[in-house]
Amino acid sequence: LRRPRGLPTIEEVAGAWGELYLLRMLIQNASDSETQLAIISGWEGEAREKLDFRFPYASQALEVKTTMSRERIHHLHGMEQVSLPEGFDHGVLASLCIEAEQGVSCKSILDSIEALSLGSPDEKRRIDELLARRITVRGAACYDDRHCFELIRDGLMFYHFSEVPSPGEAEGVSSIEWLSDLTNAVPLASSERDGLVARITRPRPA
Numbered sequence: 233l234r235r236p237r238g239l240p241t242i243e244e245v246a247g248a249w250g251e252l253y254l255l256r257m258l259i260q261n262a263s264d265s266e267t268q269l270a271i272i273s274g275w276e277g278e279a280r281e282k283l284d285f286r287f288p289y290a291s292q293a294l295e296v297k298t299t300m301s302r303e304r305i306h307h308l309h310g311m312e313q314v315s316l317p318e319g320f321d322h323g324v325l326a327s328l329c330i331e332a333e334q335g336v337s338c339k340s341i342l343d344s345i346e347a348l349s350l351g352s353p354d355e356k357r358r359i360d361e362l363l364a365r366r367i368t369v370r371g372a373a374c375y376d377d378r379h380c381f382e383l384i385r386d387g388l389m390f391y392h393f394s395e396v397p398s399p400g401e402a403e404g405v406s407s408i409e410w411l412s413d414l415t416n417a418v419p420l421a422s423s424e425r426d427g428l429v430a431r432i433t434r435p436r437p438a
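For the sequence shown, the positions run 233 to 438 when the numbering used here is used.
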C-alpha cells in the first residue's frame with residue numbers, strides 16, 4: 233500500500249504555470265493547427281525530459297524557469313537544461329518572475345490554451361488529445377486552481393544558454409545541481425525574441 237500523493241506545492245505549481253504561460257504564448261502566435269500540434273508535441277515529450285521544450289523543426293531548445301521573486305535566481309537540475317541537444321542550433325532559457333496569489337491559475341491558462349485550437353473539428357480533437365497526453369506527463373500541477381500568479385513588470389526575459397551562469401562539467405562528476413543568478417546576464421534583445429517566437433510559431437516550409 234502507498235500513501236496517496238499530496239497536492240503539489242506552490243513551488244511546483246509555479247513551475248507548471250511558467251511552462252503553461254510559454255506554451256499559451258506560442259500557441260497564440262501559431263497560424264494553423266499543424267503548427268499548434270508541433271508546438272504541443274515539443275513540450276515535455278512522451279516521457280518527462282530535462283529540457284521543457286524541444287522543437288526539432290525549428291532546431292530550437294527552450295528551458296523554462298520560474299521564480300516567485302524579483303531576483304532572477306533559478307535552480308538548475310543538470311547541465312542538460314542549458315546544453316544544446318545534438319542536432320539543435322538554438323538554445324534559450326526563459327526566465328519568469330511572478331507574484332503569487334493574484335492573476336490566473338494553471339487551470340485557467342490550460343482552459344485558455346484549449347480554446348485557442350485551430351482547424352477542423354478533427355484537427356481540434358487531435359490537438360486536445362495530444363495536449364491531454366502532455367499534461368499527463370507534466371503532472372497534476374497543470375490542473376491546479378488553488379494558486380494564482382501573474383508576471384511582474386518585465387517579468388519574462390530570454391537568455392541564450394551561453395549566458396546562463398553554470399559550474400561547467402568536470403571529469404568524474406555527474407548529477408550537478410546549482411543556483412544560477414541571471415542578474416548580470418544579457419537577455420535577448422526584442423528583435424531576437426521576436427525571431428525566436430517566429431522560428432517556432434511560423435516555420436518556413438521544408
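Built from N, CA and C at the ideal position, the CB exists for glycine as well. Predicted model, so just to flag it, every value in this text is computed and none were measured.
Quiz item: Whose C-beta lies closer than 8 angstroms to the C-beta of V405 among residues of the same chain, with five residues either side of it excluded?
Solution: Looking up residue 405 in the sequence shown gives position 173. Here the set comprises nothing.
Extent of the continuous alpha helix (DSSP H) run through S423: By one-based count along the sequence shown, residue 423 stands at place 191. Here the alpha helix (DSSP H) through S423 covers 422 to 433.
Item checked: Entirely enclosed alpha helix (DSSP H) segments - the segment 316 to 380, minimum 4 residues -> 338 to 347, 353 to 370
Margin query: How far does the beta strand (DSSP E) with A262 in it extend, from its first residue to its last?
Written below: The residue given as residue 262 occupies position 30 in the sequence shown. Segment: none, A262 is in no beta strand (DSSP E) and carries neither H nor E.
Going by C-alpha distance, which of S265, A332, D284 is nearest T241? Locating residue 241 in the sequence shown gives position 9, where the first residue counts as 1. Here the closest residue by C-alpha is A332.
| Among the residues of its own chain, which have a CB less than 8 angstroms from the CB of H309, if the five just before and after it don't count? | Along the sequence shown, one-based indexing puts residue 309 at 77. Contacts found: K282, E409.
Quiz prompt | Start and end residues, beta strand (DSSP E) containing P284 | solution = To locate residue 284, count along the sequence shown from 1; it is residue 52. Note that residue 284 is Asp in the sequence shown, not Pro. Premise fails: D284 is in no beta strand (DSSP E) and is neither H nor E.
Report task. With DSSP collapsed to three states, give me the class of T415. Result -> In the sequence shown, the residue the question calls residue 415 occupies position 183. It is coil, neither helix nor strand.
* Is the CB-CB distance between I359 and L269 below 7 angstroms? -> What you label residue 359 is simply residue 127 of the sequence shown in a count that begins at 1. What you label residue 269 is simply residue 37 of the sequence shown in a count that begins at 1. A contact, by the Cβ cut-off of 7 angstroms.
Segment contact flag, the segment 389 to 400 with the segment 412 to 428, C-beta cutoff 8 angstroms, min 3 pairs | yes
(Q) Is the beta carbon of G323 closer than 7 angstroms to that of F393? (A) Numbered from 1 along the sequence shown, position 161 holds the residue referred to as residue 393. Numbered from 1 along the sequence shown, position 91 holds the residue referred to as residue 323. Result yes, Cβ atoms of F393 and G323 sit closer than 7 angstroms.
Around the Cβ of S412, are there at least 16 other Cβ atoms within 10 angstroms (buried) or fewer (exposed)? Counting from 1 along the sequence shown, the entry for residue 412 is found at position 180. Its Cβ being crowded by 16 or more others within 10 Å, S412 is buried.
Hey, R366 and I272 are a contact pair by Cβ (cut 8 angstroms); roughly how many whole angstroms apart?
To locate residue 366, count along the sequence shown from 1; it is residue 134. To locate residue 272, count along the sequence shown from 1; it is residue 40. Between I272 and R366 the Cβ distance is about 6 angstroms, and since that is below 8 angstroms, they are a contact.
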